[in-house]
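Taking it in order: structure first as structure tokens, then the write-up.
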Amino acid sequence: MADEVVSIEVDWCARAVKLRKVEEALLSGEMVTEARFGEDMAKYANAKLDDVKRALEEAIRNCQISRGEAPKRKRYAIRGIMRPY
């Protein structure tokens, strides 16, 4: 039982939708770290926008792969050309 590997299928498309909502909340300022109303206090999980964007890009890419689509290339390499002048 200890050697048994548990495989969890991830719905990348659903994850991408949730991460998009988190990104929108961060950009609009809806996600705050801590809010105080008199004696009452509420704490929210804080996330960095860069981390959310990176996870969102990964989820979108994996969603495209799971649908059988070819994901878009992220960046293109630029060749450096040595010029003799």
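When we follow numbering that gives the first Met the number 0, the leftmost residue of the sequence shown carries the number 0, and every step to the right adds one.
No residue lacks a Cβ here, since even glycine has one placed at the ideal position from N, Cα and C.
Around the beta carbon of A58, 16 or more other beta carbons sit within 10 angstroms, so the residue counts as buried. K47 is the residue among K47, R53, Q63, G67 whose C-alpha sits nearest the C-alpha of L26.
D50 and A69 have their alpha carbons spaced roughly 24 Å apart. Excluding its 5 nearest sequence neighbours in each direction, C12 has C-beta neighbours in its own chain below 6 Å: C62, listed in chain order. The alpha-carbon of K20 is positioned some 10 Å away from that of R14.
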